[in-house]
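Residues -27 to -1, 1 to 467 (mature numbering (1 follows the signal peptide of the UniProt record, and there is no 0)) are what the sequence shown spells out, left to right. For each residue, glycine too, the CB sits at the ideal point set by N, CA and C. Bear in mind that the values here come from a model prediction, so they are computed numbers and not experimental data.
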Amino acid sequence: MLAASPTALPLALLCLVLTLAPSSTDARATPHPAAAPGVPINIMRRASVQRSLEDLGSWAQRNKQNTEAKYGMKSNKGKRANGLNLLTNFEFDSTYFGSVAVGTPPTPFDVILDTGSSDLWLASGTGSDSRATKDITLFEPTSSSSFTDLGKEFQIQYGSGSAQGVLGSDQVQFAGFQIGQTFGLVNQTTQSLLTAPMSGLMGLAFQSIAASGATPFWQSLVETSGALDSPLFAFQLTRFTNDSSAQKTEPGGTFTLGAVNNSLFTGDIDYQDIPNGAPGYWIQELSAMKVNGQSISLPSGSAAWAAIDTGTTGVGCPADVLASIFAAVPNSAPGTGQFEGYYTFPCSTSVSLTVTWGSSSNAWTISPDDFILQQIDNQGTCVGAFFEVDSSGTTAPAFIFGDTFLKNVYSVYRASPASVGFATLSSTAINANGVDAAAPSATIGTGVTSVTPSTSGSNGGTSGNSNTNGAQHGIQMSGAVLFSLLVGAACVLL
């Protein structure tokens, strides 16, 4: 059970619920019988509630500080170990959480899906000095006949506090697959890191930044020959920030494991390799940026590296780049007080921002709606979604690109060759904005594929090229739903 201080740290602005459901657009034969099916997942979101200026300002500072803490940047009072996401504001941030099932018999838990970290950890009932956190489902080792206590402590430093517990191993089901997985059982925290229904976090980055040293779930599947049809996963996110009629729950997009969903993008997937020597994040080199047609001066080489992070709402960047961005925005000004590190500008100002990655010639546009984080007063003043981070003196990338950017593209995370790909959203994906749908409950299916992770470290699947053909198979599913996931995506609503 979790011990926590009275100070609560909310998690995410909106909750999304996703189900695993085959669609006719995804049905195609797998290229070989040994490959397990890819898993398309529909994401739901919950609309935001109105907050006071004071609450919004407090969230803005926590959002900035939590991102800095996540990557071990300078504002940390205590540098956090590599790879753990600080769970952010439940009312104003963006978080994706999926339902995993752990143990024998399996028990479902909602966990953050985060490409900016690599550990799996769950709130646990272990520990004599721990106290329960209300409404959070806790992992109880004594309830699982397959649990193994590894006899090692698990501790993560973050910001001004820490989370700690022990390492264990058990059977973990996720997205139709089941493997034996090492994970952290967190039983004590100095802050309340979790808000129901979320019970923990599943990192989707690489093993090299895992605080536990364990191989992430997705990477174990990649390294097991034949487990996945293609060594990748993908996200498509919807936009509701400009929808005044949004309901409490709305469709949030699709997450797919082991394949891409052809109906959600058009043209080729533009893959750019992760730079040599980059840490174990999904890194891309930012090669160009334009704001309202004006080129922004950028650093080069490793100083231009950006983490592509589904666990961050906005975009973090160095102070000089941030100033250059808003110099191209009429009537903008540096934020003060609780909005320090951000910029404000008239909400009526339409800002067009494009970015280019690596050696690509493609420029990807961030919607003017996504450039706005939130309106902050009745005079039509908005705070931007870009904020200052300082990575100097650390191994953290200089830029953090979160959902402000990712809502505008179909994003693919490929293990072999290690790369990130972006593609243009299809009309099907774009038309999903503003479409109401019911939010189904998470369930545990009986048709999971059990996989024994390889110890050789070899990758399964195909390496793929810069086109889409190498990663479009393996999406056919049986008539029964194999596995259901809850996915939370918080979107800021004006």
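### Message
Can you give me the C-alpha to C-alpha distance between valine 22 and threonine 197, rounded to a whole angstrom?
### Response
Here residue 22 refers to the residue found at position 49 when the sequence shown is read from its first residue. Here residue 197 refers to the residue found at position 224 when the sequence shown is read from its first residue. Since pLDDT at valine 22 reaches only 46, below the 50 mark, its modelled position is unreliable, and the value read off the structure follows with that caveat. Distance between the alpha carbons of valine 22 and threonine 197: 44 Å.
### Query
At which residues does the beta strand (DSSP E) containing residue 474 begin and terminate?
Examination of residue 474 is not possible in this model, given that the chain is present from -27 through 467 alone.
### Message
If I follow the unbroken beta strand (DSSP E) through valine 73, where does it start and stop?
### Response
The count along the sequence shown starts at 1 and reaches residue 73 at position 100. 70 to 75 is the span of the beta strand (DSSP E), which, as asked, contains valine 73.
### Task
Counting only the same chain and skipping the five closest in sequence on each side, list residues whose C-beta sits under 7 Å from that of valine 324.
Counting from one through the sequence shown, the residue named residue 324 turns up at place 351. Only Val264, Asn265, Val302, Pro341, Phe344 meet the Cβ criterion.
### Query
Comparing alpha-carbon positions, which option in Asn304, Ile373, Phe82, Ala148 lies nearest threonine 422?
Taking the sequence shown and counting its residues from 1, the one referred to as residue 422 is at position 449. Closest by alpha carbon: Ala148.
### Task
Within 10 angstroms of the Cβ of asparagine 406, are there 16 or more other Cβ atoms? Answer buried if so, exposed if not.
In the sequence shown, counting from the first residue as 1, residue 406 sits at position 433. Buried.
### Message
Our contact map puts residue 519 next to aspartate 202 with C-beta atoms below 8 Å; I'd like the distance itself, whole angstroms only.
### Response
This structure gives no information on residue 519, because the portion of the chain shown stretches from -27 to 467.
### Message
Out of Ser321, Thr338, Phe112, Phe378, which one is the CA nearest neighbour of glycine 287?
### Response
Here residue 287 refers to the residue found at position 314 when the sequence shown is read from its first residue. Considering only alpha carbons, the answer is Phe378.
### Message
Along the chain, where does the alpha helix (DSSP H) containing leucine 379 start, and where does it finish?
### Response
Indexing the sequence shown from 1 puts residue 379 at position 406. Where leucine 379 is concerned, the enclosing alpha helix (DSSP H) stretches over 376 to 379.
### Task
Determine, using beta carbons only, whether tyrosine 244 and glycine 394 come nearer to each other than 7 Å.
In the sequence shown, counting from the first residue as 1, residue 244 sits at position 271. In the sequence shown, counting from the first residue as 1, residue 394 sits at position 421. Contact annotation: tyrosine 244 and glycine 394 have beta-carbon atoms nearer than 7 Å.
### Range covered by the beta strand (DSSP E) that runs through valine 324
What you label residue 324 is simply residue 351 of the sequence shown in a count that begins at 1. Where valine 324 is concerned, there is no enclosing beta strand (DSSP E), because DSSP gives it neither an H nor an E.
### Message
Given this structure, state the Cα-to-Cα distance separating serine 305 from serine 273, to the nearest angstrom.
### Response
Your numbering for residue 305 matches position 332 in the sequence shown. Your numbering for residue 273 matches position 300 in the sequence shown. Roughly 27 Å between the two C-alpha positions.
### Query
Do the CB positions of leucine 158 and glycine 141 come within less than 7 Å of each other?
Here residue 158 refers to the residue found at position 185 when the sequence shown is read from its first residue. Here residue 141 refers to the residue found at position 168 when the sequence shown is read from its first residue. Cβ atoms of leucine 158 and glycine 141: closer than 7 Å.
### Task
Identify which residue in Val356, Pro426, Lys43 has its Cα closest to the Cα of phenylalanine 318.
One-based indexing of the sequence shown puts residue 318 at position 345. Among Val356, Pro426, Lys43, the Cα nearest to that of phenylalanine 318 belongs to Val356.
### Query
Just to confirm, are alanine 207 and proline 291 a CB contact at a threshold of 7 Å?
As a working mapping, residue 207 is identified with position 234 in the sequence shown. As a working mapping, residue 291 is identified with position 318 in the sequence shown. It is not a contact, given that the beta carbons lie outside the stated cut-off.
### Task
Tell whether a beta-carbon distance below 7 Å holds between glutamine 209 and threonine 188.
Translated into the one-based positions of the sequence shown, residue 209 becomes position 236. Translated into the one-based positions of the sequence shown, residue 188 becomes position 215. Against a cut-off of 7 Å, the Cβ pair of threonine 188 and glutamine 209 comes out as no contact.
### Message
With a threshold of 6 Å on Cβ separation, who are the neighbours of tryptophan 330 within its own chain once the five nearest residues in sequence on each side are excluded?
### Response
Within the sequence shown, the letter at position 357 stands for residue 330. Cβ neighbours of tryptophan 330 beyond the five flanking positions: Gln245, Gln257.
### Query
When you compare only the Cα positions, how much space is there between glycine 138 and glycine 45?
Locating residue 138 in the sequence shown gives position 165, where the first residue counts as 1. Locating residue 45 in the sequence shown gives position 72, where the first residue counts as 1. One C-alpha to the other measures close to 21 Å.
### Residues near glycine 76 in its chain [Cβ-Cβ closer than 7 Å; skip 5 each side]
Here residue 76 corresponds to residue number 103 of the sequence shown, with the count starting at 1. Same-chain partners within the cutoff: Ser116, Ser117, Ser119, Phe120, Asp143, Gln144.
### Message
Taking its Cβ as the centre, do 16 or more other Cβ atoms sit within 10 Å of aspartate 282, making it buried, or is it exposed?
### Response
Stepping through the sequence shown from its first residue, residue 282 is reached at position 309. The residue is buried, with at least 16 neighbouring Cβ atoms inside 10 Å.
### Message
In whole angstroms, give me the CA-to-CA distance for phenylalanine 190 and alanine 296.
### Response
As a first step, residue 190 is located in the sequence shown; it is residue number 217 there, counting from the start. As a first step, residue 296 is located in the sequence shown; it is residue number 323 there, counting from the start. Pairing phenylalanine 190 with alanine 296, the inter-Cα distance amounts to about 39 Å.
### Query
In chain order, what residues of the same chain lie with their CB nearer than 6 Å to the CB of proline 170, ignoring the 5 residues before and after it?
As a first step, residue 170 is located in the sequence shown; it is residue number 197 there, counting from the start. Counting only Cβ-Cβ distances below 6 Å, and skipping sequence neighbours, we find Asp83.
### Query
How far does the alpha helix (DSSP H) with phenylalanine 299 in it reach, from first residue to last?
Here residue 299 is taken as the residue at index 326 of the sequence shown, counted from 1. Its alpha helix (DSSP H) spans residues 292 to 300.
### Straight-line gap, phenylalanine 127 to serine 185 (C-alpha atoms, nearest Å)
The residue labelled residue 127 in the question sits at position 154 within the sequence shown. The residue labelled residue 185 in the question sits at position 212 within the sequence shown. CA-to-CA, the gap between phenylalanine 127 and serine 185 works out to about 7 Å.
### Query
Among Ser236, Phe312, Gln161, which one has its Cα closest to the Cα of asparagine 404?
Counting from 1 along the sequence shown, the entry for residue 404 is found at position 431. Nearest option by C-alpha distance: Ser236.
### Task
Express the C-alpha separation of threonine 401 and tryptophan 278 in angstroms, rounding to a whole number.
The count along the sequence shown starts at 1 and reaches residue 278 at position 305. The count along the sequence shown starts at 1 and reaches residue 401 at position 428. Note on geometry: alpha-carbon atoms of tryptophan 278 and threonine 401 lie some 32 Å from one another.
### Query
phenylalanine 344 by DSSP, collapsed to three states: which one?
As a working note, residue 344 is residue 371 in the sequence shown. In the three-state DSSP reduction, phenylalanine 344 falls in the helix class (H, G or I).
### Query
Do alanine 396 and tyrosine 383 have their CB atoms nearer than 7 Å?
Translated into positions along the sequence shown, residue 396 becomes position 423. Translated into positions along the sequence shown, residue 383 becomes position 410. In contact: alanine 396 and tyrosine 383 (Cβ atoms closer than 7 Å).
### Task
Using beta-carbon positions only, say whether glycine 124 and glutamate 113 come within less than 7 Å of one another.
As a first step, residue 124 is located in the sequence shown; it is residue number 151 there, counting from the start. As a first step, residue 113 is located in the sequence shown; it is residue number 140 there, counting from the start. For the 7 Å CB-CB criterion, glycine 124 and glutamate 113 do not form a contact.
#### Entry: Ordered list of alpha helix (DSSP H) runs contained in the stretch 247 to 312, each at least 4 residues
Along the length of the stretch 247 to 312, whole alpha helix (DSSP H) runs at least 4 residues long occupy 292 to 300, reported in chain order.
### Query
What are the start and end residues of the alpha helix (DSSP H) that includes threonine 401?
Counting from one through the sequence shown, the residue named residue 401 turns up at place 428. Per DSSP, the continuous alpha helix (DSSP H) segment holding threonine 401 begins and ends at 400 to 403.
#### Entry: Closest Cα partner of alanine 183 within the set Thr110, Ser275, Leu93
Within the sequence shown, the letter at position 210 stands for residue 183. Of Thr110, Ser275, Leu93, the residue nearest in Cα terms is Leu93.
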